[in-house]
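The opening residue of the sequence shown carries number 9 in this note's numbering; numbering runs sequentially from there.
Ideal placement from N, C-alpha and C gives every residue a C-beta, glycine not left out.
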Amino acid sequence: MPGDASSPPAAAGADTSGDPAPAAPERPAAVPLLAPREGVPPVIETAEALEAAAAALAAGTGPVAVDAERASGYRYGQRAYLVQLRRAGSGTHLVDPIAVPDLAALAEALEGTEWVLHAASQDLPCLREVGLAPARLFDTELAGRLLGHPKVGLSALLEEVLGYSLAKEHSAADWSTRPLPEPWLRYAALDVELLVELRDALEAELREAGKLAWAHEEFDAVRDAPAPAPRVDPWRRTSGMHKVRRPRQLAVIRSLWLRRDEIARRRDTSPSRVLPDSAIVAAATAAPSLGPDGLSAVPAFGGRGARRHLREWQAALDDALALDDADLPVTSLPADGPPPPRSWADKDPDAAARLAAARTAVGQAADRLRMPAENLVTPDLVRRLAWEPPAALTEDAVAAALTGGGARPWQVAQVAPLLVPALHRTAADAAADAAADAARHPAPASSDEPAPRSAPAASGQAGTAAGTVAGPRRRRPVAEPRSSSGAASGSAPSAAPLVEPGAAPAEPAEGRTRRRRRRSRQPDTARLETGDPDMLR
Numbered sequence: 009m010p011g012d013a014s015s016p017p018a019a020a021g022a023d024t025s026g027d028p029a030p031a032a033p034e035r036p037a038a039v040p041l042l043a044p045r046e047g048v049p050p051v052i053e054t055a056e057a058l059e060a061a062a063a064a065l066a067a068g069t070g071p072v073a074v075d076a077e078r079a080s081g082y083r084y085g086q087r088a089y090l091v092q093l094r095r096a097g098s099g100t101h102l103v104d105p106i107a108v109p110d111l112a113a114l115a116e117a118l119e120g121t122e123w124v125l126h127a128a129s130q131d132l133p134c135l136r137e138v139g140l141a142p143a144r145l146f147d148t149e150l151a152g153r154l155l156g157h158p159k160v161g162l163s164a165l166l167e168e169v170l171g172y173s174l175a176k177e178h179s180a181a182d183w184s185t186r187p188l189p190e191p192w193l194r195y196a197a198l199d200v201e202l203l204v205e206l207r208d209a210l211e212a213e214l215r216e217a218g219k220l221a222w223a224h225e226e227f228d229a230v231r232d233a234p235a236p237a238p239r240v241d242p243w244r245r246t247s248g249m250h251k252v253r254r255p256r257q258l259a260v261i262r263s264l265w266l267r268r269d270e271i272a273r274r275r276d277t278s279p280s281r282v283l284p285d286s287a288i289v290a291a292a293t294a295a296p297s298l299g300p301d302g303l304s305a306v307p308a309f310g311g312r313g314a315r316r317h318l319r320e321w322q323a324a325l326d327d328a329l330a331l332d333d334a335d336l337p338v339t340s341l342p343a344d345g346p347p348p349p350r351s352w353a354d355k356d357p358d359a360a361a362r363l364a365a366a367r368t369a370v371g372q373a374a375d376r377l378r379m380p381a382e383n384l385v386t387p388d389l390v391r392r393l394a395w396e397p398p399a400a401l402t403e404d405a406v407a408a409a410l411t412g413g414g415a416r417p418w419q420v421a422q423v424a425p426l427l428v429p430a431l432h433r434t435a436a437d438a439a440a441d442a443a444a445d446a447a448r449h450p451a452p453a454s455s456d457e458p459a460p461r462s463a464p465a466a467s468g469q470a471g472t473a474a475g476t477v478a479g480p481r482r483r484r485p486v487a488e489p490r491s492s493s494g495a496a497s498g499s500a501p502s503a504a505p506l507v508e509p510g511a512a513p514a515e516p517a518e519g520r521t522r523r524r525r526r527r528s529r530q531p532d533t534a535r536l537e538t539g540d541p542d543m544l545r
């Protein structure tokens, strides 16, 4: 690919000479990014080659683009199997951390250099495992979010910001494969080809939008984020576990999950490739009716992969079935944080009103700032504050609670003033607002449905007006068009049929036919809204 390593090649626009000027200029077609401009570099697999790459990177200038490829879904854990680096004046380097596990020379060469990563939180853990960590960070994915770009994937941002299209056909490949195929290496090199140029363009956008300082706070938070604490009872995240309720069956899931994890770790294989979750749940569902060697009769254990360790699976099942009742797992763990918001209206209507108002305030602020609401403040933190607000509902107290929950200073400054009035909301406030709104906008009278009653405070669904709840939806009565004689249009004059007082007039046959045709093409929305089980199957 021609061009200097420090600047992207010029994008070619379409020739529009002779055409009338459009009302709004169309964006030129994206230029496909097919190959690195210096070609695909060889993979660094020796200590000597690593020393040479480290020296070249140390002699380079400006930020360094960094990426890593893992073997998710193929190997146990999230280890890096290839590390890509690119810096102006140095070129691109592809490092095999399996062949050269000691990357201390790279860490020393890049000391104090700003790293540019895309979605850094995904790659930093595996990079730290091989001894690489940035002193300064620029995350292009996070920058795109703060700027409100509609799509923030690397290929989408490259196309929107720089005008280049990047194929992502090998992102889910098994990067533990050796030797790595040449098309994969080309893909890996292209991932860092224009990352620094993208960083520069996004930095200019952030500066123009007045968000550059905010972005640096976010980048520092990602860089300094501690490793997540080990999950309590990770076996409880088995897919399909909601089908299992009894403690003995939960013990089967736990025993099989732990045995699978042991085998997967030993074989360095993704656990799902050793035994799928569906097989674990199938065994638990069939227990305790399964006798000795009963797993062989379970269809989910009939595959070659499951049969390879059938004796171990049977032993794990037998262990679970032999447990005393006192050793069985509890059906659920104590909740860490508030209950699901859908239950708030019943458990604590005031908390539901606070959450509805807080979500509305945060959503409006995010729209004004042109960024996703979750980047302005995490939804979990909003829920926690709404469920258990500070004792003193002052701006300082709310700011302290936000800071304690991990919000950055720029987020606290934007959100705290908005949350104070929201956290003062009560269910009575929400009901009063709903009644006032109903008085200002009375619904048309309906002969076949009663007027809606005041609803309780919202359970906090996004997009609901602060502290208000929409009443039950009502169908507007449809009047048949009438002729000047008073008969329904399209029907022959005849004596009006007798009807009960208050009943709807009879509909002409032609109208009924048309309505039946419409119903055959459209779902019955009224039945859907009322939860008719026949419509919800």
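Query raised in the report: With respect to the beta strand (DSSP E) encompassing Gln92, which residues constitute its N-terminal and C-terminal limits?
Result: Secondary structure note for Gln92: its beta strand (DSSP E) is the uninterrupted segment 88 to 96.
Query raised in the report: Can you find at least 3 beta carbon pairs, one from the stretch 76 to 93 and one from the stretch 121 to 138, that sit closer than 8 angstroms?
Result: Output reads yes: the stretch 121 to 138 touches the stretch 76 to 93.
Requested in this report: Taking 8 angstroms as the threshold, find out whether the stretch 265 to 283 comes into contact with the stretch 229 to 240 through three or more Cβ pairs.
Outcome: Three or more Cβ pairs closer than 8 angstroms define a contact, and the stretch 265 to 283 falls short of that threshold against the stretch 229 to 240.
Query raised in the report: Taking only runs of the beta strand (DSSP E) that begin and end inside the stretch 238 to 276, which ones reach a length of at least 3 residues, in chain order?
Result: Secondary structure remark: continuous beta strand (DSSP E) runs of at least 3 residues inside the stretch 238 to 276: none found.
Requested in this report: Let me know the secondary structure DSSP gives Glu122 once reduced to three states.
Outcome: Glu122 falls in the strand class under three-state DSSP.
**Report entry** Among Leu145, Leu210, His178, Val204, nearest to Glu168 - alpha-carbon criterion
**Finding:** It is Leu210 whose Cα lies nearest to the Cα of Glu168.
Query raised in the report: In whole angstroms, what is the alpha-carbon distance linking Asp110 and Leu162?
Result: Looking at the two C-alpha atoms, the distance is approximately 29 angstroms.
Query raised in the report: Which residues in the same chain as Tyr172 place their Cβ atom closer than 8 angstroms to its Cβ, once the five residues preceding and following it in sequence are excluded?
Result: Excluding residues within five positions, the ones whose Cβ falls inside 8 angstroms are Pro16, Ala19, Ala38, Val39, Pro40, Leu41, Leu166, Leu202.
Query raised in the report: Taking all protein chains shown into account, do 16 or more other C-beta atoms lie within 10 angstroms of the C-beta of Gln422, making it buried, or fewer, making it exposed?
Result: Counting the other Cβ atoms within 10 Å of the Cβ of Gln422 gives 16 or more, which makes it buried.
Query - Enclosing alpha helix (DSSP H) for Leu102 [first to last residue] - result: Going by DSSP, Leu102 is part of no alpha helix (DSSP H) but of the beta strand (DSSP E) stretching over 99 to 103.
Query raised in the report: Got a sec, what are the start and stop residues for the alpha helix (DSSP H) Asp358 sits in?
Result: Annotation: the continuous alpha helix (DSSP H) that includes Asp358 extends over 357 to 377.
Query - Neighbourhood of Ser80 by C-beta, 7 angstroms cutoff - its chain only, sequence neighbours within 5 removed - result: Within the same chain, Ser80 has close Cβ partners Gln86.
**Report entry** Residue span of the beta strand (DSSP E) that contains Gly70, given as start and end
**Finding:** Looking at the DSSP string, the run of the beta strand (DSSP E) that includes Gly70 is 69 to 78.
Report task. Return the CA-CA distance between Gly156 and Asp208, expressed in angstroms with no decimal places. Result -> Rounded to the nearest whole angstrom, the CA to CA distance from Gly156 to Asp208 is 17 angstroms.
Query raised in the report: Can you give, in chain order, each stretch of the alpha helix (DSSP H) that sits fully within the stretch 309 to 356 and has at least 4 residues?
Result: Complete alpha helix (DSSP H) runs here, min 4: 312 to 316, 318 to 329, 352 to 355.
Report task. Grab me the residues of Ser98's own chain with a C-beta within less than 6 angstroms of its C-beta, minus the 5 sequence neighbours each way, in chain order. Result -> These residues qualify, in order along the chain: Ala64, Leu65, Gly68.
Query raised in the report: Can you tell me where the alpha helix (DSSP H) with Arg136 in it begins and where it stops?
Result: First-last of the alpha helix (DSSP H) with Arg136: 128 to 137.
**Report entry** For Ala223 and Asp441, the rounded distance between their alpha carbons
**Finding:** Rounded to whole angstroms, the separation of the alpha carbons of Ala223 and Asp441 is 38 angstroms.
Report task. Give a yes or no on whether 8 angstroms exceeds the smallest Cβ distance from Ala360 to chain B. Result -> Among the chains in the structure shown there is no chain B, since it carries only a single protein chain.
**Report entry** DSSP-derived helix/strand/coil call for Arg416
**Finding:** Coil.
**Report entry** Three-state class that DSSP yields for Leu401 in the structure shown
**Finding:** Leu401: coil per DSSP, three-state reduction.
Query - CA-to-CA distance, Leu102 to Leu118, given in whole angstroms - result: When rounded, the separation of the alpha-carbon atoms in Leu118 and Leu102 is 15 angstroms.
Report task. Quick one: using the 10 Å Cβ neighbour count with 16 as the cut-off for buried, is Lys159 buried or exposed? Result -> Residue environment for Lys159: exposed (fewer than 16 other C-beta atoms within 10 angstroms of its C-beta).
Query raised in the report: Rounded to the nearest angstrom, how far is the Cβ of Ala424 from that of Glu396, given a contact under 8 angstroms?
Result: 16 angstroms between Cβ atoms; not a contact.
Report task. For Ala115, collect the residues of the same chain with a Cβ closer than 8 angstroms to its Cβ; drop the 5 residues on either side in sequence, then sort them by chain order. Result -> Gly139, Leu140, Ala141.
Report task. Report the rounded CA-to-CA distance for Val390 versus Ala290, giving the unit in angstroms. Result -> Between Val390 and Ala290, the C-alpha separation is close to 38 angstroms.
**Report entry** Rounded C-alpha distance that separates Arg95 from Thr434
**Finding:** Between Arg95 and Thr434, the C-alpha separation is close to 56 angstroms.
Query raised in the report: So, Ala369 versus Ala360, is the Cβ gap smaller than 8 angstroms?
Result: Going by C-beta atoms, Ala369 is not nearer than 8 angstroms to Ala360.
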